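Chemist: Numbering (my numbering), first residue to last: 95 to 305. The beta carbon of each residue, even a glycine, is placed where N, CA and C say it ideally should be. Owing to the predicted nature of the structure, the values given are computational and were not obtained by experimental measurement. My structure is below; once you've seen it, I'll send some questions.
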Ligand code: PRP
């Protein structure tokens, strides 16, 4: 069964104010996306498999737990890049596999422009990073690509996700887990999330399109 995890935490509420506020400067926006990414990332990794290992502390032997799965980070360009470094803080040994997509402004359909995934070597667990899930079209394309690559388990990490996109993913990919900081109710006629935060990619990289 698909799983939706909308994470409840006062720090998430607090930092969501910053990213939603249109007067937030790009540097503050990036920092808040980073903090939210860490909070979502902690929850999205809480049940990863571990195995016992023996180590020696400076004092004595100790049984410890170490990750038993290979985790790959899959940012969707561009906006997903804003979530990479915070997730690398949590998972420093994870490979990063970039996929480039943008939405056609007329149709809101995703258009792929970058994909250099190799034929083999898929991670056990892929954490797909994108601050926004709107119609779900971009994530749909990425999930299909990762399944064809041979990833065992796919988890989507998003900051703001709209109800229509969530329902699409839950319906079409029962094996995928979704971790989001907040669920917004709807999309407007341009398929932007309402109330949302505008265009995360443009705000992270300070490239406003309509000024
Ligand atoms: C945004 C966002 C997602 C996608 C979500 O990217 O970062 O990738 O749209 O929309 P969907 O769920 O309807 O597919 P955008 O096309 O603005 O590209 P950018 O990251 O380069 O700004």
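Are the Cβ atoms of residue 226 and residue 253 separated by less than 8 Å?
Modeler: yes
Chemist: Our contact map puts residue 272 next to residue 99 with C-beta atoms below 8 Å; I'd like the distance itself, whole angstroms only.
Modeler: 7 Å
Chemist: Indicate whether residue 270 and residue 250 have their beta-carbon atoms separated by less than 8 Å.
Modeler: In this structure, residue 250 lies closer than 8 Å to residue 270 by Cβ.
Chemist: My parser needs the alpha helix (DSSP H) runs of 4 or more residues fully inside the region 208–268; what are they?
Modeler: 231–243, 257–266
Chemist: For residue 197, list the residues DSSP reports as bridge partners.
Modeler: 204
Chemist: Could you please give me the residues that DSSP links to residue 190 through a beta bridge?
Modeler: 167
Chemist: Taking C-alpha atoms, which residue in 229, 281, 191, 299 lies nearest to residue 266?
Modeler: Checking every option, the nearest Cα to that of residue 266 belongs to 229.
Chemist: Pull up the CB-CB distance for residue 217 and residue 165, whole angstroms please, since I reckon it's below 8 Å.
Modeler: 6 Å
Chemist: Please specify which runs of the alpha helix (DSSP H), each continuous and at least 4 residues long, are wholly inside the region 131–186, giving them in chain order.
Modeler: 178–184
Chemist: Which residue marks the beginning of the alpha helix (DSSP H) containing residue 105, and which one marks its end?
Modeler: 104–114
Chemist: Taking 7 Å as the cut-off, does the CB of residue 128 come closer than this to any heavy atom belonging to the ligand COA?
Modeler: As presented, the structure is devoid of the ligand COA, carrying the ligand PRP as its sole ligands.
Chemist: Grab the span of the beta strand (DSSP E) containing residue 278 for me, first residue to last.
Modeler: Residue range 271–278 is occupied by the beta strand (DSSP E) that includes residue 278.
Chemist: At the level of alpha carbons, what is the spacing between residue 175 and residue 194?
Modeler: About 10 Å.
Chemist: Would residue 135 and residue 180 be called neighbours here (beta carbons separated by less than 8 Å)?
Modeler: The Cβ atoms of residue 135 and residue 180 sit closer than 8 Å to each other.
Chemist: My understanding is that residue 41 touches residue 292, with C-beta atoms under 8 Å, so please give their C-beta distance in whole angstroms.
Modeler: The requested residue 41 is not part of the displayed model; the chain covers only 95 to 305.
Chemist: Please confirm whether residue 177 and residue 169 have their CB atoms less than 8 Å apart.
Modeler: yes
Chemist: Using CA coordinates, which residue listed in 121, 258, 234 is at the minimum distance from residue 301?
Modeler: 121
Chemist: Please determine whether the Cβ atom of residue 227 lies at a distance below 7 Å from any heavy atom of the ligand PRP.
Modeler: At least one heavy atom of the ligand PRP is found less than 7 Å from the C-beta of residue 227.
Chemist: Helix, strand or coil, according to DSSP, for residue 122 in the structure here?
Modeler: Three-state result, residue 122: helix.
Chemist: Under three-state DSSP, which class holds residue 287?
Modeler: The answer is strand: DSSP assigns residue 287 an E or B state.
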